[in-house]
Each structure stands twice: as C-alpha cells, then as structure tokens.
Amino acid sequence: MKINLSLCLILAALPFSSSFAQVQSVTPSEVTDKTATQYKTVQVLDGKASIALPAGFEKMSAQQITTRYATANPQPKEVWYIDTGKSVVSLAFSMPYPGKTLIDEHVPKLAAMVEKQMAAQKPVLTTKKVNGHTVSRLESAGKDVSGDGTTVHSIIQLSSFEDQLLMTTFHVSSQLKDKYYPVGEAALNSLKY
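Numbering (mature numbering (1 follows the signal peptide of the UniProt record, and there is no 0)), first residue to last: -21 to -1, 1 to 172.
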C-alpha cells in the first residue's frame, strides 16, 4: 500500500470523541416516510460519480467550503448539505492524498490503520461491497467542535476512486439522527463510479 496516513486526516474529519452503536444499512428505496422520500441523483466529483440525495440537499459553494472547513487540511473537494434550521447535515468528499495509489483490495487494510489512529473515538469499523467497490466505514459519535455540547454522529467511508483514496464523510447532530442517519447510509450505499 502506498498511502501514508497522518493524524491530521483524522483530526480534520472527526474533531470529537465518544462511541455509538452501529445502525442497519439501508438504500434510498428503503428509507421510510419519517426520514425522507424524495431523492435526486446528483453528479459528484467532476461528474465522475453519482449519488442519491434527498431533494433538499444543496451543493456547498467553494467559498462556503473555505469558510466552514477552514481548519481541514486538505479541505473537502465537494460538500452537499441541508440546513434544517436546527443544524446542518453534511456529506463531504475528500481526496486527501492526490497522486498516492490505493487499490480496492487495500481499502480494508487502510481502514484498520485509521481505526487504530481513531481509537479515542471508539469507531465501529465495517467493510462491505457497494456497487462493486470495497468500502470501509468508521462510525462514531462525539461532541461538536463548536463547544455548544451538541453530539455529532459521523460515518467516514473509505474507498478507492480512480486508484486513489476517496474519503466520504457524513455528519448529523444527535437531534436529527433519527431522521437523517438512515438518509446518510442510503446516500453512501448509492454512490456509483
């Protein structure tokens, strides 16, 4: 494997700690009325991939990404979000190591390394095939970095995209978890490239 992980990857993606239980995986067609029902397929990653998102999700502008992810290094390539008025639910796409090769078969090994680096967050690691690609997911929960005491639930999905690491990160606050966590899982399950 030609990827050299750094702690900044983890700190940028999950600046909090705690633990949580794994939720059963769903697809957009399985999401119930109490979560979201109208999905749209959007092109992501310069049109090289697609994902199904609820109709209310919008693409974040480059300026918004610069402001919202000011401390992330590197910043996400693309972010989709919905502002519910209570908090923002987001799905970010990052390619943290451009030019470093990662093949599909090495994704679980990389995920195990990331899991060790994230030990303080007590992530739940799962690996499976999604639309023909090996994906590893690290699920965790912890306090939001804003300091307001909000718990944020996250799914970090690691996969090989064009033989490079693609890190797709979903974040939702605890107050919106019941409604949007299944939506995040369904979106991740719909990612095609």
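For each residue, glycine too, the CB sits at the ideal point set by N, CA and C.
Remark: C-beta atoms of glutamate 94 and leucine 81 do not approach each other more closely than 7 angstroms.
For leucine 81, no alpha helix (DSSP H) encloses it, and the DSSP letter there is neither H nor E. In the DSSP assignment, tyrosine 60 falls within the unbroken beta strand (DSSP E) covering 57 to 62. A direct Cα-Cα distance of roughly 5 angstroms separates alanine 166 from alanine 31. Going by DSSP, leucine 89 is part of the alpha helix (DSSP H) stretching over 86 to 96. Segment contact: the stretch 66 to 78 against the stretch 150 to 161, three or more CB-CB distances shorter than 8 angstroms; contact assigned. The shortest CA-to-CA distance from alanine 34 to any of Pro75, Thr20 and Lys79 is the one to Thr20.
Looking at the DSSP output, glutamine 136 sits in a beta bridge with Arg116 and Thr147. Cβ-Cβ distances below 8 angstroms link threonine 129 to Ser66, Lys122, Asp123, Ser152, Ser153 and Gln154 in the same chain, with the five nearest sequence neighbours on each side left out; the list follows chain order. For tyrosine 160, the closest of Pro87, Lys171, Val131 and Phe140 by C-alpha to C-alpha distance is Val131. A direct Cα-to-Cα measurement between proline 55 and lysine 101 gives close to 24 angstroms.
Assigned with DSSP and collapsed to three states, valine 124 falls in coil, not helix or strand.
In the structure shown, serine 169 falls within a helical segment according to DSSP collapsed to helix, strand and coil. Distances from the CA of glutamine 42 to each of Lys27, Phe36, Ser29 and Val58 were compared; the closest alpha carbon is that of Val58. Annotated three-state conformation of glutamate 37 is strand, per DSSP.
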